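To start, the structure under review is shown below, and the notes come after it.
This is the structure:
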């Protein structure tokens, strides 16, 4: 596979990509009274449930809705892309067997759909931050575009990987559900990442502080922390540790390293997808 030539070919077939995105959005909301409002309701319901839970358990995280939604923005894009992308080639088997086009368009269309949902869900959080008076912290906002770009590259790489493997090994679609469940709780979304840092770097913690380094090997941990630092911004509001006690430049460096890793992973999974795609019609 020659990436530059392949990108040119994908650009030539951009109309198919756009039509697939439009089709998926129409199918998603066909015969739906609320339509795209369902994408907005998802984070609102999630917020209501977890706010109730933390109130019952006595969680004292200040401005918890902003903290939770800033992490959910990143997680929802990633998890929905991977979950939907796993079966997308199989679900479009008739198209694969009858029409000649670059097969990479299929996983890319999944990313296109989740980006639309991301914009809608982001509007909920931004509106909430303005109405509630929480506001934005400009000094940390530079992390937002970097975190977003890293998230999109990493999610695309994962979608290429799972969508290609699932055509040949149908067990992948069952494993993904379990993997996403574990991955969600291993990422600081509903609980403070600063608390994890304190626990794993304490002098009494086993293998301290190496466990904190291991925890950061989860690519979504720096990405989600970047979203939280950009939007929630305050590390220790009211003296309560919420976000990891690191500088913005430190987060930029770590997220940049994750971006570099994601680019390499993307090239690998793209080549894997390209190699396996030749057998898609036969496998389906």
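In the numbering used here, the protein residues as written are 2 to 285.
C-beta atoms are modelled at their ideal positions from N, C-alpha and C, and glycine is treated no differently.
The structure presented is a predicted model; accordingly, all values stated were derived computationally and were not measured.
Item                                                                                          : Value
Pairwise C-alpha distance: residue 176 and residue 198                                        : 29 Å
Where the alpha helix (DSSP H) through residue 86 begins and ends                             : 65–92
Residue interval of the alpha helix (DSSP H) (run including residue 130)                      : 106–132
Pairwise C-alpha distance: residue 231 and residue 221                                        : 15 Å
C-beta contact flag for residue 164 and residue 90 at 8 Å                                     : yes
At least 3 beta-carbon pairs within less than 8 Å: the stretch 249–259 vs the stretch 142–149 : yes
Alpha helix (DSSP H) segment containing residue 9, residue limits                             : 4–13
Residue 195 versus 83, 63, 243, residue with shortest Cα-Cα distance                          : 243
Distance cut-off 7 Å: residue 210 Cβ against heavy atoms of the ligand FMN                    : The ligand FMN is not part of the structure shown, which contains no ligands of any sort.
Closest Cα partner of residue 279 within the set 236, 120, 104                                : 104
Contact set for residue 76: own chain, Cβ-Cβ below 8 Å, skip 5 residues either direction      : 185, 188, 190, 221, 225
Residue 264 to residue 223 span [Cα, whole Å]                                                 : 16 Å
Cβ-based burial, residue 227 [other Cβ within 10 Å; buried from 16]                           : buried
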